[in-house]
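*Asks:* Quick one: the structure is below, questions incoming.
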Amino acid sequence: MADGSILLIQVLNGVQYGLLLFLVASGLTLIFGIMGVINLAHGSFYMMGAYIAFSLTELLGNFWLAILIGIPLSVAIGLGLELLLFRRLYRRDHLYQVLLTYGLILIMEEMRSLLVGDDVHGIAIPALFDVSIRLTDTLSYPVYRLLMSAICLVMAGLMALVIQRTRFGMTIRAGADNREMVELLGIDIGLVYRIVFAAGVALAAFAGMIAAPVASVYPGMGNQILIVSFVVVVIGGIGSVKGAFLGSLLIGLADTFGQVLAPQAAGMTVYMLMAGVLLWRPAGLFGRA
Amino acid sequence: MASPTPIPRALLLIGLAALALYPIAGDVFYVQLFAKIMIFAIFAMSLDLLVGFTGLISFGHAAFFGLGAYTLMVLSPEYTAASLWLSLPLAVAVAAMAALIIGALVLRTSGVYFIMVTLAFAQMLYYFAVQSKVLGGSDGAYIYVKPDAAILGWRPFDLGNRVHFYYLVLALMIGTYALLRTVLRSLFGRVILGIRANEQRMRALGYPVFRYKLAAFALAGGLAGLAGYLEAAQYGYVNPEFFGWQESGSVLMMVILGGIGSLFGPILGAFALTLLQDFLSDEAIFHGFHKHWLLPMGIFIILAVLLLPRGIGGFALGLGRRAPEIADD
Amino acid sequence: MTEPILRVSGLSKQFGGLAAVSDVSLELRRGEVHAVIGPNGAGKTTLINMLSGDLAPSAGAIRFEDREIAGLSADRIARLGIGRSYQKVNIFPDFTLLENCRLAAQARLPSSLRFFRPALDHAALIEGATRALRLVGLEAPWDRLAGRVSHGEQRQLEIAMTLATEPKVLLLDEPLAGMGAEESQRMVALIARLAESHAVLLVEHDMDAVFSVARLLTVMVNGRVLERGAPIAIRESPAVQQAYLGTAEPDS
Chain A
1100 MADGSILLIQ
1110 VLNGVQYGLL
1120 LFLVASGLTL
1130 IFGIMGVINL
1140 AHGSFYMMGA
1150 YIAFSLTELL
1160 GNFWLAILIG
1170 IPLSVAIGLG
1180 LELLLFRRLY
1190 RRDHLYQVLL
1200 TYGLILIMEE
1210 MRSLLVGDDV
1220 HGIAIPALFD
1230 VSIRLTDTLS
1240 YPVYRLLMSA
1250 ICLVMAGLMA
1260 LVIQRTRFGM
1270 TIRAGADNRE
1280 MVELLGIDIG
1290 LVYRIVFAAG
1300 VALAAFAGMI
1310 AAPVASVYPG
1320 MGNQILIVSF
1330 VVVVIGGIGS
1340 VKGAFLGSLL
1350 IGLADTFGQV
1360 LAPQAAGMTV
1370 YMLMAGVLLW
1380 RPAGLFGRA
Chain B
3 MASPTPIPRA
13 LLLIGLAALA
23 LYPIAGDVFY
33 VQLFAKIMIF
43 AIFAMSLDLL
53 VGFTGLISFG
63 HAAFFGLGAY
73 TLMVLSPEYT
83 AASLWLSLPL
93 AVAVAAMAAL
103 IIGALVLRTS
113 GVYFIMVTLA
123 FAQMLYYFAV
133 QSKVLGGSDG
143 AYIYVKPDAA
153 ILGWRPFDLG
163 NRVHFYYLVL
173 ALMIGTYALL
183 RTVLRSLFGR
193 VILGIRANEQ
203 RMRALGYPVF
213 RYKLAAFALA
223 GGLAGLAGYL
233 EAAQYGYVNP
243 EFFGWQESGS
253 VLMMVILGGI
263 GSLFGPILGA
273 FALTLLQDFL
283 SDEAIFHGFH
293 KHWLLPMGIF
303 IILAVLLLPR
313 GIGGFALGLG
323 RRAPEIADD
Chain C
305 MTEPILRVSG
315 LSKQFGGLAA
325 VSDVSLELRR
335 GEVHAVIGPN
345 GAGKTTLINM
355 LSGDLAPSAG
365 AIRFEDREIA
375 GLSADRIARL
385 GIGRSYQKVN
395 IFPDFTLLEN
405 CRLAAQARLP
415 SSLRFFRPAL
425 DHAALIEGAT
435 RALRLVGLEA
445 PWDRLAGRVS
455 HGEQRQLEIA
465 MTLATEPKVL
475 LLDEPLAGMG
485 AEESQRMVAL
495 IARLAESHAV
505 LLVEHDMDAV
515 FSVARLLTVM
525 VNGRVLERGA
535 PIAIRESPAV
545 QQAYLGTAEP
555 DS
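Protein chains in written order, with our numbering: chain A, 1100 to 1388; chain B, 3 to 331; chain C, 305 to 556.
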């Protein structure tokens, strides 16, 4: 039965990674789907969240308090960036969006370097959750990881609720489908954009915050997750939150199992999966060609 | 119809003359720096073929740059020099073949998907290089001896000599420019320009668009491999960062900032960006802050995008998004 | 009566629950203009899109010469000899008039994977382009930018490009849209000339033009063929008049 529990652990790890990835990738896919903006700096928001969590935890001594303050802080930063930069990108060529958000990555990396330095940091798992739960006689699993998955699932549920059941969600779905039409209907599309963008930033930052105790806080963490998020969006289809969810889980599991089953190809499984999906569906699983 | 402005031509020729004459009296440090810039100019021109002339925004062009570099490394075991005449064409061929294969996959996508997918493939190669013991892993590997230019015992030049290397790179840069100019004037070039202008109409006219995009992708990949080969030869060192997205981002910046739709735009972009980087990271000028040169660089990029919609080349020479001067010849 | 060069049978297109085109059949013959008319939303553009390969049919067959072409890609269909002009001008605005047509003519070559000889050296292509330009009545100089000429001239260019590919069948999608009286007359004369050596399918709202140049009319309503016949018969048909609610289509 040892095999079974190891399998279970890998599945739990894969799902946890996938769910975390979903928080980041969903923001990315919405920002592209609704506003038509390709945001290379999205990974930097993840990093920003992690470093905010670290700094505030150091300052305040409490991880949850840090998150509580960190989220509105991230939203504020997101709104500020939207005002300053992103709103100029809505009608631009992809080329300029790529360039501008690339410049933003550089700036955010250096700001972090100046403000917090380049060291790798860790955040202690909050004592209450720093335990492991018994799965079988021989194997136990960290409760904090289960908590992370639970939180991400709740967030996913909330998103699904908002998107499927509220008027605002309807506007989002319509906007992803046909931006011009939504504008012509007289809806203040600027407000919609602002909210979606701020939400995207907040989600990515939040993901960085809750992942920090487990994944540690280090320069370059944003870049890694950005690229994998791109793969998720490509697999799932641009603008599709459902696709992002499915894609994230697929990637999470593929990466986790890939590392265990074929360590030589570790890191590459994700791309091979992407290549496979693209051969079959060039617009992603739920994307529109 | 205005003929292509003669002023830029004159400027170009002056610049070329300056480049050709510099090593005679110039500082060795700058000889090396300019050689590096010209290598990037080749890299940038190859990407411009895709971005500026075919309308394909690739964020993974470093994949082919890296392949050219690693090919040289593989062909230069321990203390033996690879033959320039064998290793260089081979590096270009390897890069072009890889571009053919990767292109066959990624060109099935378009728009944002294409951008992301090209990035992802370059990342795949990055991870492959990091994992690979043979290739030196994340530390990379050294090329102890520069490629040997000997043909049947006669050595026309020595790549270990900085000035010789400089002239080789200059010749290759001019050659790349000439090749691309010829290709863009050819039947193939017209198709490429047409695809960028109105891909749907090209299909409606009867063009099987995919194969032309693939050919452009392979050509661009091969030239990027050439640049990678030269970069590896210059510094005698390769590492997985050659495949990295910062590399892809850098060269894309050079193309965009230099001005798309012209061939010397990327050359200008390569000079501007590298010299800027060199300036910003100069310890003597910026003291403690020089380590954070990416910050002013990032700000510069953002300002340039917001204020100069047509890039430096476009701004300086009044080129718009019109068909480039080649069309009017 | 000559053999039909294009035979459409039972062509349909569904968009989800909406049947844009249902069970449409028609034939095109060389030497005649077959016009397709109908109120807005009748499915005329969808029909043309299926014939040109811009849309794949949900059902039905399209036979061109001896070959089944339904569902083939737009570029294959174009290469087989079916040319199409667009309702919304679909040219290369940044290229010259000559280059627009030269590029179109070049599409006829078996392969453009030629990298070294300058395109302008291929004299045959330039001849083909100038021939097409003259045919539609576009005057030299042809090195004017396509984006800068008048709307009427752009429409002429639109047709010239299609002609430069030397098609056997011409699918003309509202070529008179947005044209003044004089330009329209010239265009109608052009269409009549072209019909002598091509099979022409004309989708149009301008009834005067249609009645003066078409040999056969197919009336479409709600995606289906309502009636087919000679212009006079159609004009008198009560069913057709009813479909148009008794009002003549306004000249565009």
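Glycine included, each C-beta is placed from N, C-alpha and C at the ideal position.
State buried or exposed for residue 319 of chain C, treating a residue as buried only when at least 16 other CB atoms are found within 10 Å of its CB.
*Replies:* Along the third sequence, read from residue 1 onward, the residue named residue 319 of chain C stands at position 15. Flag for residue 319 of chain C reads exposed.
*Asks:* Closer than 8 Å, Cβ to any Cβ of chain A: which residues of the stretch 244-271 of chain B, in chain order?
*Replies:* Answer set for the stretch 244-271 of chain B: 247, 251, 254, 255, 258, 259 and 262.
*Asks:* Would residue 484 of chain C be called buried (16 or more neighbouring beta carbons within 10 Å of its own) or exposed?
*Replies:* Counting from 1 along the third sequence, the entry for residue 484 of chain C is found at position 180. Exposed.
*Asks:* Can you tell me where the alpha helix (DSSP H) with residue 1263 of chain A in it begins and where it stops?
*Replies:* By 1-based counting over the first sequence, the position of residue 1263 of chain A is 164. Run containing residue 1263 of chain A: 1242-1264, per the alpha helix (DSSP H) assignment.
*Asks:* Is there a C-beta anywhere in chain C that falls below 8 Å from the one on residue 196 of chain B?
*Replies:* Position 194 of the second sequence holds residue 196 of chain B. Yes, contact with chain C.
*Asks:* Flag residue 1203 of chain A as yes if its beta-carbon sits less than 8 Å from any beta-carbon of chain B, otherwise no.
*Replies:* Within the first sequence, numbered from 1, the residue matching residue 1203 of chain A stands at position 104. It does: the Cβ of residue 1203 of chain A has a partner Cβ on chain B nearer than 8 Å.
*Asks:* Can you find a C-beta in chain C that's less than 8 Å from the C-beta of residue 214 of chain B?
*Replies:* Residue mapping note: residue 214 of chain B aligns to position 212 of the second sequence, counting from 1. Closer than 8 Å: yes.
*Asks:* Can you give the Cα-Cα distance for residue 13 of chain B and residue 19 of chain B, rounded to whole angstroms?
*Replies:* For the purposes of this step, residue 13 of chain B is identified with residue 11 of the second sequence, where counting begins at 1. For the purposes of this step, residue 19 of chain B is identified with residue 17 of the second sequence, where counting begins at 1. Answer to the nearest angstrom: the Cα atoms are 10 Å apart.
*Asks:* Between the alpha carbons of residue 397 of chain C and residue 462 of chain C, how many angstroms are there, rounded?
*Replies:* If you number the third sequence from 1, residue 397 of chain C lands on position 93. If you number the third sequence from 1, residue 462 of chain C lands on position 158. If you take the alpha carbons of residue 397 of chain C and residue 462 of chain C, they lie about 11 Å apart.
*Asks:* Would you mind reading off the limits of the alpha helix (DSSP H) that contains residue 327 of chain C?
*Replies:* Residue 327 of chain C sits at position 23 when you count from the first residue of the third sequence. Per DSSP, residue 327 of chain C belongs to no alpha helix (DSSP H); it is in the beta strand (DSSP E), 322-333.
*Asks:* Residues of chain B with a CB under 7 Å from the CB of residue 1208 of chain A: which are they?
*Replies:* Residue 1208 of chain A sits at position 109 when you count from the first residue of the first sequence. Chain B residues near residue 1208 of chain A: 296.
*Asks:* On a CA-only basis, which of C/537, C/339, C/533 and C/526 is nearest residue 633 of chain C? Give me that one, please.
*Replies:* Residue coverage of chain C in this structure runs from 305 to 556, which leaves residue 633 of chain C outside it and unanswerable.
*Asks:* Can you tell me whether residue 87 of chain B is buried or exposed? The criterion is at least 16 other CB atoms within 10 Å of its CB, across all chains shown.
*Replies:* Here the question's residue 87 of chain B lines up with position 85 in the second sequence. The residue in question, residue 87 of chain B, is exposed, as its Cβ has fewer than 16 Cβ neighbours within 10 Å.
*Asks:* What distance in whole Å lies between the Cβ atoms of residue 1126 of chain A and residue 1303 of chain A, which are believed to be in contact at a cut-off of 8 Å?
*Replies:* If you number the first sequence from 1, residue 1303 of chain A lands on position 204. If you number the first sequence from 1, residue 1126 of chain A lands on position 27. That pair is a contact at about 5 Å.
*Asks:* Beta-carbon separation of residue 450 of chain C and residue 401 of chain C under 8 Å?
*Replies:* As a position in the third sequence, residue 450 of chain C is number 146, starting the count at 1. As a position in the third sequence, residue 401 of chain C is number 97, starting the count at 1. Yes, these two residues count as a Cβ contact at 8 Å.
*Asks:* Roughly how many angstroms lie between the CA atoms of residue 120 of chain B and residue 1338 of chain A, to the nearest whole one?
*Replies:* As a first step, residue 120 of chain B is located in the second sequence; it is residue number 118 there, counting from the start. As a first step, residue 1338 of chain A is located in the first sequence; it is residue number 239 there, counting from the start. Whole-angstrom Cα-Cα distance: 19 Å.
*Asks:* Less than 8 Å between the beta carbons of residue 162 of chain B and residue 148 of chain B, yes or no?
*Replies:* On the second sequence, residue 162 of chain B is found 160 positions in, with the first residue counted as 1. On the second sequence, residue 148 of chain B is found 146 positions in, with the first residue counted as 1. The answer is yes: Cβ separation under 8 Å.
*Asks:* DSSP three-state call for residue 453 of chain C: helix, strand or coil?
*Replies:* Indexing the third sequence from 1 puts residue 453 of chain C at position 149. Residue 453 of chain C falls in the coil class under three-state DSSP.
*Asks:* Using the beta-carbon count (16 or more within 10 Å), is residue 309 of chain B buried or exposed?
*Replies:* Start at 1 with the first residue of the second sequence, and residue 309 of chain B comes out as number 307. Classification of residue 309 of chain B: exposed, given that the 10 Å Cβ count is below 16.
*Asks:* Under 8 Å, with one C-beta from each stretch per pair, do the stretch 285-302 of chain B and the stretch 1200-1216 of chain A reach the 3-pair mark?
*Replies:* Touching, yes.
*Asks:* Does the distance from the CB of residue 1330 of chain A to the CB of residue 1370 of chain A come in under 8 Å?
*Replies:* Walking along the first sequence from the start, residue 1330 of chain A turns up at place 231. Walking along the first sequence from the start, residue 1370 of chain A turns up at place 271. In contact: residue 1330 of chain A and residue 1370 of chain A (Cβ atoms closer than 8 Å).
*Asks:* Can you pull the chain A residues whose beta carbon is under 8 Å from the beta carbon of residue 1 of chain B, in chain order?
*Replies:* Summary: the structure shown does not reach residue 1 of chain B, with chain B confined to residues 3 through 331, and so no result is reported for it.
*Asks:* Beta carbons nearer than 7 Å to chain B: which residues of the stretch 1328-1361 of chain A have them?
*Replies:* Listed in sequence order: 1329, 1330, 1332, 1333 and 1337.
*Asks:* For residue 391 of chain C, does the three-state DSSP call read helix, strand or coil?
*Replies:* For the purposes of this step, residue 391 of chain C is taken as residue 87 along the third sequence, with counting starting at 1. The answer is coil: DSSP assigns residue 391 of chain C none of H, G, I, E or B.
*Asks:* With distances taken from CA atoms, which of B/184, B/109, B/305 and B/96 is nearest residue 420 of chain C?
*Replies:* Here residue 420 of chain C is taken as the residue at index 116 of the third sequence, counted from 1. Residue 420 of chain C has its Cα closest to that of B/184, out of B/184, B/109, B/305 and B/96.
*Asks:* Beta-carbon of residue 1389 of chain A versus every beta-carbon of chain B: anything under 8 Å?
*Replies:* Outside the displayed range of chain A (1100 to 1388) lies residue 1389 of chain A, so it cannot be described from this structure.
*Asks:* Quick check on the burial criterion: 16 or more other C-beta atoms within 10 angstroms. Buried or exposed for residue 316 of chain C?
*Replies:* Residue numbering aside, residue 316 of chain C sits at position 12 when the third sequence is read from its first letter. Residue 316 of chain C should be labelled buried.
*Asks:* Kindly indicate if chain B contains any beta-carbon less than 8 Å away from that of residue 402 of chain C.
*Replies:* Within the third sequence, residue 402 of chain C is the residue found at index 98, counting from 1. So, not an interface residue.
*Asks:* Which residues of the stretch 1365-1383 of chain A have a Cβ closer than 9 Å to any Cβ of chain B? Give them in chain order.
*Replies:* Cβ contacts with chain B come from 1365, 1366, 1367, 1369, 1370, 1371, 1373, 1374, 1377, 1378, 1381, 1382 and 1383.
*Asks:* Mapping DSSP to helix, strand and coil, what is residue 150 of chain B?
*Replies:* Sequence index remark: in the second sequence, residue 150 of chain B carries index 148 (1-based). The answer is strand: DSSP assigns residue 150 of chain B an E or B state.
*Asks:* Give me, in chain order, the residues of the same chain whose beta-carbon lies closer than 7 Å to that of residue 234 of chain B; leave out the 5 immediate sequence neighbours on both sides.
*Replies:* Residue 234 of chain B sits at position 232 when you count from the first residue of the second sequence. So the list reads 71, 74, 75, 145 and 240, once near-sequence residues are dropped.
*Asks:* Would you check if the distance between the CB atom of residue 382 of chain C and the CB atom of residue 374 of chain C is smaller than 8 Å?
*Replies:* Taking the first residue of the third sequence as position 1, residue 382 of chain C is located at position 78. Taking the first residue of the third sequence as position 1, residue 374 of chain C is located at position 70. No, the pair does not count as a contact, with Cβ atoms beyond the cut-off.
*Asks:* Taking DSSP's pairing of strands, which residues face residue 475 of chain C in a bridge?
*Replies:* Position 171 of the third sequence, counted from the start, is the residue given in the question as residue 475 of chain C. C/388 and C/505.
*Asks:* Would you mind telling me which residues of chain C sit closer than 9 Å to residue 185 of chain B, beta carbon to beta carbon, in chain order?
*Replies:* Taking the first residue of the second sequence as position 1, residue 185 of chain B is located at position 183. Going along chain C in sequence order, the residues near residue 185 of chain B (Cβ under 9 Å) are 419 and 420.
*Asks:* Going by DSSP in three states, residue 244 of chain B sits in which element: helix, strand or coil?
*Replies:* By one-based count along the second sequence, residue 244 of chain B stands at place 242. It is helical.
*Asks:* Can you list, in chain order, the residues of its chain with a C-beta nearer than 7 Å to that of residue 412 of chain C? Leave out the 5 residues immediately preceding and following it.
*Replies:* Position 108 of the third sequence holds residue 412 of chain C. These residues qualify, in order along the chain: 469 and 470.
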